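The opening residue of the sequence shown carries number 1 in the numbering used here; numbering runs sequentially from there.
From the three backbone atoms N, C-alpha and C, an ideal C-beta is built for every residue, glycine too.
Computed from a prediction, not measured in an experiment: that's the story for all the values here.
Remarks on the structure that follows.
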Amino acid sequence: MSEVMTPMSFEQLVEWVLQEKKKRGTVFGQHHAYRADGTHNRTMFGRTLETPIGPAAGPHTQMTQNIVAAYYAGSRFFELKTVQIMDGEELAACINRPCIKADDEGYNCEWSTELTVPQAMEEYIKAWFLLKVIAKEFGLGDMNGFQFNVSVGYDLAGIQSPKVDTFLNSMKHAEDTEIFKHCKAYLLEHADWFEHVTTEDIEQIPPEICNSVTLSTLHGCPPQEIERIAMYLLTEKGFHTFVKCNPTLLGYEFARKTMDEMGYDYIQFGDFHFKDDLQYEDAVPMLTRLMNTAKERNLEFGVKITNTFPVDVKQNELPSEEMYMSGKSLYPLSISLAAKLAKEFDGRLRISYSGGADYYNIERIVDAGIWPVTVATTLLKPGGYQRLTQMAKLLDKENAPFEKVDAESAGKLAEEAVKDPHHVKAMKPLPSRKMKKEVPLMDCFVAPCKEGCPIHQDITTYLQLVGEEKYEEAMEVITEKNPLPFITGTICAHNCMSKCTRNFYETPVHIREMKLKAAENGYEALLEKLPVPAVTKAGKAAVIGGGPAGMAAAYFLRKGGMEVTLFEAKESLGGVVRHVIPPFRISEDAIEKDAEILRKMQVDIHCNTKLESLEELKKQGYTKIVLAVGAPVQGSLKLESGMPKNALEFLAEFKQTDGKVSLGKHVVVIGGGNTAMDTARAAKRNAGVEHVYLIYRRTRRYMPADEEELVMALEDGVEFKELLSPVKLENGQLFCKVMQLSDYDVSGRRGVTETGETVWVPADTVIAAVGEKVPTDWYQANGLAVSEKGRLYVDEKTLKTSDDNVYAAGDGLYGPATVVEAIRDGRKVAEAIAGEVLACDFDKLAEEEKVYAKRGVLKEEQKETKEAGRCLGCSTICENCVEVCPNRANIAIQVPGMEKHQIIHVDYLCNECGNCKSFCPYSSAPYLDKFTLFETEADMENSKNQGFAVLDQETRRCKVRFFGKTFIWEPEKPAALPDGLGRMIETVCRDYSYLIR
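Here is the structure:
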């Protein structure tokens, strides 16, 4: 069953590596190899090290295939997963599943290797042989250019136990172990399989696998015990030794203050571990003694930063009470500890580093003399092991032998870490990256940006075209589904960007800007050739409201062959976008260009026309009516005294007066949404205003406004007054209750409670941005049925109201929404009226080679159209689940006759860590929901996954579970299995035989 990994035999591993490389040019799914030429070698522990980076002791160094994948991608230093006296089933039973969550900062609740200690030894020795031979066979570097470092814990008695002692002795001298003999004999027997590896090379593979160890101890381990273990490893076992040190050495106050200032105030931890763990004043003399002992024995000694940083589970992150933090949030603590120790020992104490190292900081860490550097969290994100290639290449430069850590450089790294945008937490929780769809068994590759867009814009296609500077073609793709390219290219809420896979790399592709780039450069050509649709449909349509929903409905109705008249009460089209949203957000010219598209489509536009009666329109011959009247009823906030000004009323006045509304010096804006941010920013620009205070009853982290809206408000000088609840306005002062965040509820959200304190905030004017309402009275006056909440009853598929000839779209349905949702509604209504689909998809597949070239490569925002080149082409290649699986349990296979790759989940390689669930764009977990290859029928019985077990590889006879039914499947014989799944099974048996055991 899935949660129990089963090691592969050496024979299977060799066959897998050689066949995959020969047939597909990859090794365990890695498309790009790092090749060391020997010019940048370092020396450590008396051995060569081609580059000073690799995977940390953890999920990437537990299995042979993990280590091989890491080496191929660029690792040369391997801190092997920790072993201890508790192992195998006993240890696995203590691990809650899923045990990894790494979608932003990382968390885990896993322990040491889940294998038995003898199994772990075998995995590491198999990896030792495989790395030696592929180094030469594939031209990756010198056969002796990498190093293994064992990690052991957690107390001296356990380390001295026969089981762990045998492990240590075998890793130091493996020649007498059965697995060493077997691997060597197997390679010699099959030496003819290799083109570049000779029998002499195999014979010379040394049995001295490891001469260094990293000591990992449990939290609360007494300093005397830590010192006894380290002394034992140095004096009795003769290992070069690192001792893992925890950021708890920095003290609770420092850690809490750092986390709070960097936006990680929601990460909860008490002072227990800080008091119970090794204390700094005990650590310094202990480390001094160990350094002296190592020097006497001509051994190298140092510290490994970091061990773990325990925090509380508060938002159901993982199924445990405590978890261990890693990644971007751990970096400022880890590097601060490194800097402190470097200064304390004047650089003489060697520091091996882990704790948030990644592409953006690893070069400076190494340049400070802190190496080797091991990574984990960054490898758990899309790109996976392939991220190592970019880091390894970054370190391909001249280097000197280690002399000492540069304490000054380390100190600068620590100072910069707390301000580094790669490590500072966003002001708001990340939006969900997932689509509300279950992952299909076949053809699951999808562009999450397109799925996240309410109108399903063909984003990857037009990004390709923008990148090629084919703006006219890009505009054709955009306007197929979106008649407002300038408005959406300027102020769209861009839900597409929140779904972009690049969020897991660094920042999303700036899709909205690329759309605007296409509009600015392709508009004239598009307008010139825009066809005027003939009137092919009977009757004529009236659209009431010239905002985005009405403009979209009119556009698509004309596209569908209807005669259309658009009625707008104000003097120009654009609705809230034109008449309310401040000019610093969007220009009149941009709105007018979108309006011109409607004119070119020959929509009959009547401005300054306010309609009150639908019956009058029907009498004028309009057979279909679309209501796009918005949400014009002003929301209100009741105070005990004083009357706030309405936000939309103010914004309209601000626009009309060119920012000369009479507000006074002190303005208070109440609210936390996007409209509140617009209001506050406009007020800040208003003549005579000196201070704008934005009041919200929770903290900014819980404001509904988009992150970028918050940032822009802060940049404009808006002063946030968080945790305040307004009560009354008197004598130019707003009286507020002071609130505090309460504990997390079951949903992971924090409530608020009163503290009993109160404050007065200067307020010449108070503006309330508390939402607007739909025109219920107007609907009822025209005989339309509404709900108890005053909203129109509509058919969700067609948006038809209780009147068969009247439809509704936009904000008038449920209240204020986004422009792109209004466009969605406009098209939905038009298609219902026209009786046909009015837009087609442009699914232009990207070139696979170009897509794979981008995978695992971190790249910040680019200038101009080069930004489009950051698109990862997810609709062509996704493979997030493949890349983020440390154990290679998700495999992308090429099935003849299928355009896209297919994903197979390999049960025996999975321990249900759950990492693939975090990054699958669907609301699914690939390790549970993808078609699964089982090793045995028994494994299949112990799982609920849909999948198959191969009963006879030659005849391809399999036992299959599909949609709850289990049956025997054979090629060419009828069975309750779709053809595509049958071809997947045949392909695995024929072309991926190395997966079958």
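Between G153 and F194, what straight-line distance do the alpha-carbon atoms span, to the nearest angstrom? Locating residue 153 in the sequence shown gives position 153, where the first residue counts as 1. Locating residue 194 in the sequence shown gives position 194, where the first residue counts as 1. One alpha carbon belongs to G153, the other to F194, and they sit about 39 Å apart.
Pull the bridge partners of K304 from the DSSP assignment, please. By 1-based counting over the sequence shown, the position of residue 304 is 304. K244 and S352, per the DSSP bridge assignment.
Where does H905 fall in DSSP's three states? By one-based count along the sequence shown, residue 905 stands at place 905. Here H905 sits in strand by DSSP.
Are the segment 120-135 and the segment 54-74 in contact at 8 Å, needing three or more beta carbon pairs? Yes, the segment 120-135 is in contact with the segment 54-74.
Quick check: what's the CA-CA separation for K436 versus G964? Position 436 of the sequence shown, counted from the start, is the residue given in the question as residue 436. Position 964 of the sequence shown, counted from the start, is the residue given in the question as residue 964. Approximately 23 Å, taken between the alpha carbons.
State the DSSP-derived secondary structure class of Y814, mapped to helix, strand or coil. For the purposes of this step, residue 814 is taken as residue 814 along the sequence shown, with counting starting at 1. Reduced to three states, the DSSP call for Y814 is helix.
Run the CB neighbour count on E227, radius 10 Å, all protein chains shown included, and call it buried at 16 or more, exposed below. The residue you call residue 227 lines up with position 227 of the sequence shown. Label assigned to E227: buried.
Return the CA-CA distance between L784 and A830, expressed in angstroms with no decimal places. For the purposes of this step, residue 784 is taken as the residue at position 784 of the sequence shown. For the purposes of this step, residue 830 is taken as the residue at position 830 of the sequence shown. If you take the alpha carbons of L784 and A830, they lie about 20 Å apart.
Please state the DSSP three-state secondary structure of F948. Working through the sequence shown from its first residue, we reach residue 948 at position 948. DSSP places F948 in the strand class (E or B) of the three-state scheme.
On the CB-based measure, 16 or more other CB atoms within 10 Å of its CB, does C607 come out buried or exposed? For the purposes of this step, residue 607 is identified with residue 607 of the sequence shown, where counting begins at 1. Here C607 is exposed, its C-beta having fewer than 16 other C-beta atoms within 10 Å.
Is DSSP giving P582 helix, strand or coil here? On the sequence shown, position 582 is the one that residue 582 refers to. In the three-state scheme derived from DSSP, where H, G and I count as helix and E and B as strand, P582 is classed as coil.
Tell me the rounded alpha-carbon separation between Y922 and V405. Within the sequence shown, residue 922 is the residue found at index 922, counting from 1. Within the sequence shown, residue 405 is the residue found at index 405, counting from 1. Spanning the two alpha carbons is a distance of roughly 46 Å.
Neighbour-count burial assignment, Y107, 16 or more Cβ in a 10 Å radius: To locate residue 107, count along the sequence shown from 1; it is residue 107. With 16 or more other CB atoms across the displayed protein chains lying within 10 angstroms of its CB, Y107 is buried.
Using only alpha-carbon positions, find the residue among T82, L337 and D176 that is nearest to V164. Translated into positions along the sequence shown, residue 164 becomes position 164. Out of T82, L337 and D176, T82 has the C-alpha closest to the C-alpha of V164.
If contact is defined by three or more beta carbon pairs under 8 Å, each pair taking one atom from either stretch, is the segment 806-818 in contact with the segment 774-793? Counting Cβ pairs under 8 Å, three or more are found: they touch.
Could you give the C-beta distance for S875 and V446, rounded to a whole number, given that I count them as a contact under 8 Å? Residue mapping note: residue 875 aligns to position 875 of the sequence shown, counting from 1. Residue mapping note: residue 446 aligns to position 446 of the sequence shown, counting from 1. Rounded, the Cβ-Cβ distance is 6 Å, consistent with contact.
Using 8 Å as the threshold, is the C-beta distance between V819 and I487 below it? Locating residue 819 in the sequence shown gives position 819, where the first residue counts as 1. Locating residue 487 in the sequence shown gives position 487, where the first residue counts as 1. Yes, these two residues count as a Cβ contact at 8 Å.
Excluding sequence positions up to five away, which residues of its chain have a Cβ less than 7 Å from the Cβ of I85? Mapped onto the sequence shown, residue 85 falls at position 85. Only residues of its own chain outside the window of five on either side were considered, and among them G158, S161, K163 and V164 have a CB closer than 7 Å to the CB of I85, listed in chain order.
Where does the unbroken alpha helix (DSSP H) through Q147 begin, and where does it stop? The residue labelled residue 147 in the question sits at position 147 within the sequence shown. Going by DSSP, Q147 is part of no alpha helix (DSSP H) but of the beta strand (DSSP E) stretching over Q147 to V152.
Pair within 8 Å by beta-carbon distance, G812 and A631: Position 812 of the sequence shown, counting from 1, holds the residue named residue 812. Position 631 of the sequence shown, counting from 1, holds the residue named residue 631. In contact: G812 and A631 (Cβ atoms closer than 8 Å).
Going by beta carbon distance, what residues of the same chain come within less than 6 Å of G856, once the five residues before and after it are set aside? One-based indexing of the sequence shown puts residue 856 at position 856. Cβ within range, chain order: G383, Q386 and R387.
Identify the residues that DSSP records as bridge partners of P55: which are they? As a first step, residue 55 must be located in the sequence shown, where it is residue number 55. DSSP lists V375 as partners of P55.
Pairwise C-alpha distance: I209 and S170: Your numbering for residue 170 matches position 170 in the sequence shown. Your numbering for residue 209 matches position 209 in the sequence shown. Annotation: S170 to I209 spans about 8 Å, alpha carbon to alpha carbon.
Going by C-alpha distance, which of I903, A892, C958 and R961 is nearest Q30? Walking along the sequence shown from the start, residue 30 turns up at place 30. Comparing Cα-Cα distances from Q30 to each of I903, A892, C958 and R961, the minimum goes to A892.
Option nearest P896 by Cα separation, candidates Q268, G980, E972 and G452: For the purposes of this step, residue 896 is taken as the residue at position 896 of the sequence shown. Shortest Cα-Cα distance from P896 to any of Q268, G980, E972 and G452 involves G980.
With DSSP as the reference, label G756 as helix, strand or coil. If you number the sequence shown from 1, residue 756 lands on position 756. DSSP places G756 in strand when its eight states are reduced to three.
Which one or two residues does DSSP pair with P762 in a beta bridge? Here the question's residue 762 lines up with position 762 in the sequence shown. In DSSP, P762 forms a bridge with Q733.
Would you report the Cα separation of E640 and E253, rounded to the nearest angstrom? Residue numbering aside, residue 640 sits at position 640 when the sequence shown is read from its first letter. Residue numbering aside, residue 253 sits at position 253 when the sequence shown is read from its first letter. For E640 and E253, the distance between alpha carbons rounds to 42 Å.
Should G642 and V766 be called a contact, given that it needs their Cβ atoms to be closer than 8 Å? The count along the sequence shown starts at 1 and reaches residue 642 at position 642. The count along the sequence shown starts at 1 and reaches residue 766 at position 766. Yes, the Cβ-Cβ distance between G642 and V766 is below 8 Å.
Let me check understanding here. Comparing Cα to Cα, which of C183, K499 and A185 lies closest to L430? By one-based count along the sequence shown, residue 430 stands at place 430. Minimum Cα-Cα distance from L430 among the listed residues C183, K499 and A185 corresponds to K499.
Run through DSSP, which three-state label would D658 get? For this step, residue 658 is matched to residue 658 along the sequence shown. Coil.
Rounded separation between A628 and V27 - CA only: Indexing the sequence shown from 1 puts residue 628 at position 628. Indexing the sequence shown from 1 puts residue 27 at position 27. Those two C-alpha atoms are separated by around 56 Å.
Exposed or buried, C94, counting other C-beta atoms within 10 Å across all chains shown (16 or more means buried)? Within the sequence shown, numbered from 1, the residue matching residue 94 stands at position 94. C94 is exposed by the Cβ-count criterion.
Roughly how many angstroms lie between the CA atoms of P548 and G270, to the nearest whole one? Locating residue 548 in the sequence shown gives position 548, where the first residue counts as 1. Locating residue 270 in the sequence shown gives position 270, where the first residue counts as 1. Approximately 51 Å, taken between the alpha carbons.
Which class does D443 belong to by DSSP, given the choice of helix, strand or coil? Residue mapping note: residue 443 aligns to position 443 of the sequence shown, counting from 1. Coil at D443, not helix or strand.
From P59, D907, Y72 and K944, pick the residue whose C-alpha is nearest to that of A392; which is it? As a first step, residue 392 must be located in the sequence shown, where it is residue number 392. Here the closest residue by C-alpha is Y72.
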